[in-house]
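*Asks:* If you want the numbering used here, it's the position in the sequence shown, counting the first as 1, plus 1.
Built from N, CA and C at the ideal position, the CB exists for glycine as well.
For clarity, every value in this text was computed on a predicted model and none was experimentally measured.
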Amino acid sequence: MYIEQLEIYGFKSFAVRTELRFGKGLNIIIGPNGCGKSNIFDAIRWVIGEQRLSLLRSSLLEHFIFKGSAAFKPLNFAEVSIEFAEARGLLPFDPSCDKVRITRRAYRDGGSQFFINGMPVRLKDVKSVLAGVGLADISYAVMEQSMVQRVLSSSVADRRSLFEQAAGIARYKLDRNATQLKLNETQSDLMRLEDIIREVQEQEAILRRQVKKTRQYRKLLEQKEQLFARLVFGRIKHLENEKEKIQSELRDKNDELGKLRSSISSLRARVQSKRAKMDELSRERSNILDEISRVRKDIADSESRIKVLEERIR
C-alpha cells in the first residue's frame with residue numbers, strides 16, 4: 002500500500018485546490034523556503050486524524066483554514082483528501098476495495114467531518130482503519146530532523162509503542178482496550194442487573210404478601226355473603242310460614258262467619274214465621290213475645306259476635 006494522491010484545498014497556504022500524485026518507492030518534494038513543503042506534511046498528518054495542534058505547528062484549529070491574501074479571499078473551510086492505492090483488506094466493511102480515499106474537512110465555526118470513500122464516518126473509524134497498517138499514530142511516520150534524536154533518547158516503553166504502531170500491533174491493542182472497556186461495562190451492567198433482580202425479588206415478596214391478604218379478604222367476603230344469604234333465606238322462610246298460618250286462620254274465621262250468617266238467616270226465617278202466626282196464635286202471644294225477646298237477644302249476641310269477628314278480620 003502506498004499514497005497515490007493528496008488533494009489540498011483551503012488548508013493553511015493552499016488557497017486553490019492542489020493535487021499531488023505519488024508513485025511507488027521514494028518520492029521527493031523540493032522547493033524554496035516558504036513555498037509550503039512543510040504544510041504538505043501537516044496536511045498528511047491532519048487528514049489521517051492528528052489532533053495535537055503543536056505537531057501541526059498551530060495553536061487554533063481555525064488557523065488551518067486559509068485566511069486570505071492580496072490575491073485570494075478568505076475561505077470558510079479547509080479540506081484535505083489522501084488516497085491509498087493497493088489497499089485491499091484495509092477496509093473491514095469492503096476488504097476487496099483496492100483504493101481508499103480519506104477526507105477531512107474543517108469549518109470556521111468549529112465543525113469538522115471525516116469521510117472514507119465519500120461515506121461520512123467518525124475520527125474513531127479513521128483511526129481504526131489506519132491502525133491495521135500502523136498509521137493509528139502518524140507521529141512516527143513523519144519524522145522531522147529533531148524527532149530522530151528524540152526517538153533515540155526515548156524510553157524503552159516509548160520506543161516499543163513506536164514499533165508496535167509501525168508493525169500494526171496498535172490496532173489489536175486498541176481492539177483489546179475497546180473489548181476490555183466493553184467487558185467492564187458488561188460487568189457493571191451485570192452488577193446493576195443483580196441489584197435490579199434483588200429489588201424485583203423484594204417487590205415480588207411484597208406482592209405475594211399482598212396477594213395472600215387479598216385472597217384472604219375475598220374468602221372472608223364470600224363467607225360474609227353466604228351468611229347474609231342464609232340469613233335472608235331464613236327470614237323469608239319464616240315470613241312465608243307466618244303468612245300461611247295467618248291465611249289458615251283467616252280461612253277458619255271465614256268459615257265461622259259463614260256459619261253465623263247462616264244461623265242469622267235461619268233465625269230471621271223463624272221470626273218471620275212467628276210473626277205470620279201472631280194473628281192466629283194470639284193466645285200464645287205472650288209466649289211468642291217471650292220467644293221473640295229471647296230470639297232477639299240471641300240475634301243481638303250473634304251480631305255482637307259477628308262485629309267482633311269482622312273487627313278481627315279487618
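DSSP three-state call for Leu61: helix, strand or coil?
*Replies:* Within the sequence shown, residue 61 is the residue found at index 60, counting from 1. In this structure, Leu61 counts as coil in the three-state DSSP scheme.
*Asks:* Buried or exposed for Asp316, going by 16 or more other Cβ atoms inside 10 Å?
*Replies:* Nothing can be reported for residue 316, as the shown portion of the chain is limited to 2 through 315.
*Asks:* Tell me, please, which residues DSSP counts as bridged to Val101.
*Replies:* One-based indexing of the sequence shown puts residue 101 at position 100. In DSSP, Val101 forms a bridge with Phe85.
*Asks:* Let's see if you can read the secondary structure: which residues bound the alpha helix (DSSP H) around Arg46?
*Replies:* Sequence index remark: in the sequence shown, residue 46 carries index 45 (1-based). Looking at the DSSP string, the run of the alpha helix (DSSP H) that includes Arg46 is Lys38 to Val48.
*Asks:* Roughly how many whole angstroms lie between the Cα atoms of Arg209 and Gln202?
*Replies:* Within the sequence shown, numbered from 1, the residue matching residue 209 stands at position 208. Within the sequence shown, numbered from 1, the residue matching residue 202 stands at position 201. Approximately 10 angstroms, taken between the alpha carbons.
*Asks:* Quick one: any contact between the segment 96-107 and the segment 38-50, if contact means 3 or more CB pairs under 8 angstroms?
*Replies:* In short, these stretches touch, since the Cβ pair count reaches three.
*Asks:* Nearest to Ile31 by CA position, among Ser39, Gly24 and Lys25, is which residue?
*Replies:* Counting from 1 along the sequence shown, the entry for residue 31 is found at position 30. For Ile31, the nearest C-alpha among the options comes from Ser39.
*Asks:* Could you tell me the boundaries of the beta strand (DSSP E) in which Arg295 lies?
*Replies:* Indexing the sequence shown from 1 puts residue 295 at position 294. No beta strand (DSSP E) contains Arg295, which is instead part of the alpha helix (DSSP H) from Arg286 to Ile314.
*Asks:* For Gln202, does the three-state DSSP call read helix, strand or coil?
*Replies:* Here residue 202 is taken as the residue at index 201 of the sequence shown, counted from 1. Correct three-state label for Gln202: helix.
*Asks:* In angstroms with no decimal places, state the Cα-to-Cα distance between Asn77 and Thr19.
*Replies:* Stepping through the sequence shown from its first residue, residue 77 is reached at position 76. Stepping through the sequence shown from its first residue, residue 19 is reached at position 18. Taking the straight line joining both Cα atoms gives about 17 angstroms.
*Asks:* Start and end of the alpha helix (DSSP H) containing Ser113?
*Replies:* Stepping through the sequence shown from its first residue, residue 113 is reached at position 112. First-last for Ser113: Ser113 to Ile117, but that is the beta strand (DSSP E), not the alpha helix (DSSP H).
*Asks:* If you compare alpha carbons, which of Asp126, Lys308, Leu222 and Leu191 is closest to Arg1?
*Replies:* For residue 1 there is no data in the structure shown, the boundaries of the chain being 2 and 315.
*Asks:* Which of helix, strand or coil does DSSP assign to Gln52?
*Replies:* On the sequence shown, residue 52 is found 51 positions in, with the first residue counted as 1. Reduced to three states, the DSSP call for Gln52 is coil.
*Asks:* Quick one: what's Thr19 bridged to in DSSP?
*Replies:* Taking the first residue of the sequence shown as 1, we reach residue 19 at position 18. Answer by DSSP bridge pairing, in chain order: Ile9.
*Asks:* Looking at the structure shown, is Ile66 part of a helix, part of a strand, or coil, going by DSSP?
*Replies:* Walking along the sequence shown from the start, residue 66 turns up at place 65. Strand.
*Asks:* On the DSSP bridge list, what partners appear for Pro93?
*Replies:* Working through the sequence shown from its first residue, we reach residue 93 at position 92. According to DSSP, Pro93 bridges with nothing at all.
*Asks:* My guess is that Leu21 and Leu7 are in contact by the Cβ rule of under 8 angstroms, so how many angstroms apart are they, rounded?
*Replies:* Looking up residue 21 in the sequence shown gives position 20. Looking up residue 7 in the sequence shown gives position 6. Confirmed, Cβ separation roughly 5 angstroms.
*Asks:* How many angstroms separate the CA atom of Glu1 from the CA atom of Leu258?
*Replies:* Lying before the first or after the last residue shown, residue 1 is absent from the chain, which here runs from 2 to 315.
*Asks:* Ignore the nearest five residues each way along the sequence and tell me which others in Asp190's own chain have a CB closer than 7 angstroms to its CB.
*Replies:* Along the sequence shown, one-based indexing puts residue 190 at 189. Nothing listed; no residue qualifies.
*Asks:* Under three-state DSSP, which class holds Ile4?
*Replies:* By 1-based counting over the sequence shown, the position of residue 4 is 3. Looking at Ile4 - three-state DSSP - the assignment turns out to be strand.
*Asks:* Please work out which residues of its chain come closer than 6 angstroms, Cβ to Cβ, to Lys25, disregarding the five sequence neighbours upstream and downstream, and give them in chain order.
*Replies:* On the sequence shown, residue 25 is found 24 positions in, with the first residue counted as 1. Same-chain partners within the cutoff: Tyr3.
*Asks:* Is DSSP giving Phe229 helix, strand or coil here?
*Replies:* By 1-based counting over the sequence shown, the position of residue 229 is 228. It is helical.
*Asks:* Based on the DSSP secondary-structure assignment, which residues constitute the bridge partners of Glu80?
*Replies:* As a position in the sequence shown, residue 80 is number 79, starting the count at 1. Partner(s): Tyr10 and Arg106.
*Asks:* Between the alpha carbons of Phe116 and Ile29, how many angstroms are there, rounded?
*Replies:* Numbered from its first residue, the sequence shown carries residue 116 at position 115. Numbered from its first residue, the sequence shown carries residue 29 at position 28. Computed Cα separation, rounded: 27 angstroms.
*Asks:* Assuming the contact rule is C-beta atoms closer than 8 angstroms, Phe67 and Gly111 should be a hit. Round their C-beta distance to whole Å, please.
*Replies:* Looking up residue 67 in the sequence shown gives position 66. Looking up residue 111 in the sequence shown gives position 110. Not really, about 17 angstroms apart at Cβ, beyond 8 angstroms.
*Asks:* Tell me which residue opens and which closes the alpha helix (DSSP H) that Val130 is part of.
*Replies:* Numbered from 1 along the sequence shown, position 129 holds the residue referred to as residue 130. Per DSSP, Val130 belongs to the alpha helix (DSSP H) from Leu124 to Ala132.
*Asks:* Among Phe42, Ser14 and Ser156, which has the Cα closest to the Cα of Ser70?
*Replies:* Locating residue 70 in the sequence shown gives position 69, where the first residue counts as 1. When each option's Cα is compared against that of Ser70, the closest is Ser14.
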